[in-house]
Every structure is written in C-alpha cells, then in structure tokens.
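Numbering-wise, the sequence shown is residues 172 to 382 according to this note's numbering.
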Amino acid sequence: MDFLFAVRTVIAIILTATFVELLPRIISFPPIDSILLSTIYGGVCIGAGIGIVMKGQASAGGTTIVAKIVARYSSFRSAQVIMFFDMIIIIAVGIVFKDMELALWSLIGIYVTTKVIDKILTGAVAEKVVHIISNQTDNIGLAISEELGRDGTILTGENLIEQNDQKVLLAVVGARQIPKLQTIVLSRDENAVVLVMDASEMIGSTAHATT
Numbered sequence: 172m173d174f175l176f177a178v179r180t181v182i183a184i185i186l187t188a189t190f191v192e193l194l195p196r197i198i199s200f201p202p203i204d205s206i207l208l209s210t211i212y213g214g215v216c217i218g219a220g221i222g223i224v225m226k227g228q229a230s231a232g233g234t235t236i237v238a239k240i241v242a243r244y245s246s247f248r249s250a251q252v253i254m255f256f257d258m259i260i261i262i263a264v265g266i267v268f269k270d271m272e273l274a275l276w277s278l279i280g281i282y283v284t285t286k287v288i289d290k291i292l293t294g295a296v297a298e299k300v301v302h303i304i305s306n307q308t309d310n311i312g313l314a315i316s317e318e319l320g321r322d323g324t325i326l327t328g329e330n331l332i333e334q335n336d337q338k339v340l341l342a343v344v345g346a347r348q349i350p351k352l353q354t355i356v357l358s359r360d361e362n363a364v365v366l367v368m369d370a371s372e373m374i375g376s377t378a379h380a381t382t
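Structure (structure tokens):
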C-alpha cells in the first residue's frame, strides 16, 4: 500500500465517522421495524459505500485494509476476504453474547454487503462466455459473426481418450443472445456441446474480446 492509499484511507475514515455522527442530527430517518428490511437495505448501503471507497483506491478501515492486502497477494477477491473475516467476528460475538439470532441476521447483511461490493469493484457484466465443441466450428463461427455481430476464436486441441484433433469455439455474447446462439449451433450440429459461463469482469470492447 503506497502513501497516497494511506492518505485516502485516513480521509475516508474521518468522513465516515463525521457523517455517521452528523446525518442523524440533520435528517430524521423514519424507523424500520422489520429486521429483514433493515438487514437487506443496510447491507446494500454499507456495500455501496465500501465499494465506492475501495474503487477509489482507498479503504474504509478495519477488515477492508486486510482484504485489500490479501486480495493483492492472492487469488481471492476483496469482497470474499471481507465476508470471511466479518463472518468470524459476527459468529464470535453471537457466541459470547449468546444471541445467535441477531448473529444470523448479521450474516445475511454481510452476504448482501459483499455482493454489492463485488458488483461495484468488478462491474455488472451482462456478457456470457461461450465454449462450443463441434466439428462444424467454422460454419458456426461464421453464423455467429453474421447473425449476432460477435467475433470469436477457434481453439485447437486433442480429445483425451482417442487423441483426435478437437476444435473449440470461444465467443463472448450478450446474455439475451444465448437462446439465438443455441439455435444457431444446434441447427448446424445437433451433437454440439455448448458451455455457457458468466463473465464476472471484462475490460475492453466485446467486439474484440476474443480476437
């Protein structure tokens, strides 16, 4: 963590503490009796705040600093690390104070918080990564380019059992284009295998995502 990160983190902590103290005095928030609503919407608000701070290359203090360091030197995302440490803290508090019901409600709030943080940091990508295993990859690729306006890449490998050459078409398409894509593939090869995965994060243009 560099010096500017530390400065931004200190500013974020001061602003958070200041607004937590001042906002209830300035704005009269209506009471919410439902624990479920408080848990969900509280988690959304906290996640949005922490996510914006972390996206600005700063930290809100506490476990978010640890999460930033761990995420930098491991394959875990910051939101996952935050959820792990916060869950341990909440479970410990529930055991000590013997109130597991509130602890379980808090775990739901933490889950919502981490999901919002993850969406803010990685972006809400509405794209799907598609792998198509077929003997007609050339024809399917041409149809995808003409009818869906998407490019792709044909990968060449070998079958594990018979050691035969195998072609796999890799393409990135919009989520709403999946039904049409399936129609394109199956109309050209009924025995084709189509694997669809979520694109959790994408940088750059989708038109050149697989070129």
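Note that the Cβ used here is the ideal one computed from N, Cα and C, for glycine as well.
Compute the beta-carbon to beta-carbon distance between residue i and residue j, rounded to the nearest angstrom, for a pair I have assumed lies under 8 angstroms.
i              : j                 : result
glycine 312    : isoleucine 325    : 6 angstroms
threonine 234  : phenylalanine 256 : 4 angstroms
alanine 242    : valine 252        : 6 angstroms
serine 246     : isoleucine 261    : At roughly 25 angstroms, the Cβ-Cβ gap does not stay under 8 angstroms, so serine 246 and isoleucine 261 are not in contact.
isoleucine 185 : lysine 226        : Not a contact, Cβ separation roughly 19 angstroms.
valine 343     : glycine 328       : That belief does not hold up - the Cβ atoms of valine 343 and glycine 328 are roughly 20 angstroms apart, past 8 angstroms.
For residue i versus residue j, is the C-beta spacing smaller than 8 angstroms?
i              : j              : result
alanine 231    : serine 249     : no
isoleucine 203 : valine 283     : no
valine 287     : leucine 352    : no
leucine 319    : glutamine 348  : yes
arginine 179   : glutamine 228  : yes
lysine 299     : aspartate 369  : yes
methionine 254 : threonine 293  : no
glycine 265    : methionine 271 : yes
aspartate 309  : serine 316     : no
alanine 183    : valine 224     : yes
isoleucine 259 : alanine 314    : no
Starting from residue i, follow its DSSP beta bridges and name the residues at the other end.
i              : result
valine 356     : Partner(s): none; valine 356 has no beta bridge.
aspartate 173  : The partner list for aspartate 173 (beta bridge, DSSP) is empty, contrary to what the question assumes.
isoleucine 325 : Leu340
valine 367     : Val301
glycine 345    : Glu298
Return yes when at least one heavy atom of the ligand FMN lies under 7 angstroms from the C-beta of residue i, else no.
i           : result
proline 350 : With respect to the ligand FMN, the structure shown offers nothing to examine, as it has no ligands at all.
Practice task
Could I get the ranges of all uninterrupted beta strand (DSSP E) runs contained in the stretch 201-261, with 3 residues as the minimum, in chain order?
Solution key: none
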